[in-house]
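Just below is one structure, and these are the notes that go with it.
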Amino acid sequence: MVNPNGSYTTEPNILKENLAKLYDTVVDKRLICVYTILTRENHISTKRVVELAFTSDFEKECITCASADSVYRALKKLQEQGFIIGQLTKAGYVWQILLD
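Just so we're aligned, residue 3 is where the sequence shown starts under the numbering used here, counting upward by one.
See the structure below:
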């Protein structure tokens with residue numbers, strides 16, 4: 003969510019509710035992986051999401067993320083489902099959680 007001053011915030015209740023929905027309904031665990039990453043670092047590039055997916059911090063959530071392509075497909079799927087938004091910039095896509 004963008005504040006009037008241009009900064010980004012995350013609202014913990016919405017994040018928890020959305021993550022619970024994903025755990026309850028999602029067969030594709032990659033969606034949980036990338037959503038979890040965005041709950042910790044929101045408004046980040048695809049490259050950064052991929053970097054984080056392959057760190058030990060996210061090894062539990064991202065065990066099924068076998069490649070950068072699989073991470074990107076998960077991001078696009080979450081966007082289609084209305085959980086996140088991707089904005090194309092000169093540096094590539096930047097992703098953030100939708101809180102509305």
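Cβ coordinates follow ideal geometry from the N, Cα and C atoms, glycine included.
The shortest C-alpha to C-alpha distance from residue 69 to any of 44, 91, 83, 54 is the one to 54. Only residues of its own chain outside the window of five on either side were considered, and among them 47 have a CB closer than 7 Å to the CB of residue 93, listed in chain order.
Partner residues in the beta bridge of residue 47, as assigned by DSSP, are 96. Per the Cβ contact rule, the region 82-99 is in contact with the region 31-40 (3 or more Cβ pairs under 8 Å). Within the same chain, no Cβ atom closer than 6 Å to the Cβ of residue 91 is found once the five residues on either side in sequence are excluded. With a beta-carbon spacing of about 7 Å, residue 35 and residue 60 fall inside the 8 Å limit used to define contacts. In this structure residue 65 is exposed. Its beta-carbon is surrounded by fewer than 16 other beta-carbon atoms within 10 angstroms.
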